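Participant:
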Amino acid sequence: MAAKSRSDIIGDVEDFVDRNGGNFADFFVGVTGAPKQMLFSQHKLKDKGDAWISRLAKDELDAHDVVEYFRSTRGAKSRKKEVVDTDLYVYAFKIKPHTRT
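Counting from 1 along the sequence shown, just add 903 to a position and that's the residue number in my numbering.
Spelled out as structure tokens, the structure:
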């Protein structure tokens, strides 16, 4: 997966949210070094039926900036997290009763 710019990732996540209901408050956005492990182990998404996306950022600062944009500007759910150099992936998923935020 090729690294994407902040604006490309924001556009991809906005398109994803639009295709899956359009209400940013119903989505969680985060950063990680291992998106599938985070989504399926930590957040408890199911292999089938749960909407999610992940994108590789150019660096950890871009990844954290994207999450902050969605948290502060668009109203998505997220957690404050220290910047770690392995946090290169931005991920988002639609919150459901069985998922953990």
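Even glycine gets a Cβ: it sits at the ideal position worked out from N, Cα and C. Just so it is clear, the structure is predicted and the values come from calculations on it, not from any experiment.
1) Quick check on DSSP: helix, strand or coil for residue 986?
2) Do you know offhand how far residue 931's Cα is from residue 946's?
3) Under three-state DSSP, which class holds residue 1003?
4) Hey, which unbroken runs of the alpha helix (DSSP H) at 4 residues or more fall wholly within the stretch 908-954?
5) Can you tell me where the alpha helix (DSSP H) holding residue 966 begins and where it ends?
6) Quick check on the burial criterion: 16 or more other C-beta atoms within 10 angstroms. Buried or exposed for residue 1000?
7) What are the boundary residues of the beta strand (DSSP E) that includes residue 995?
Facilitator: Looking at the coordinates:
1) coil
2) 10 Å
3) coil
4) 909-922
5) 963-975
6) exposed
7) 992-997
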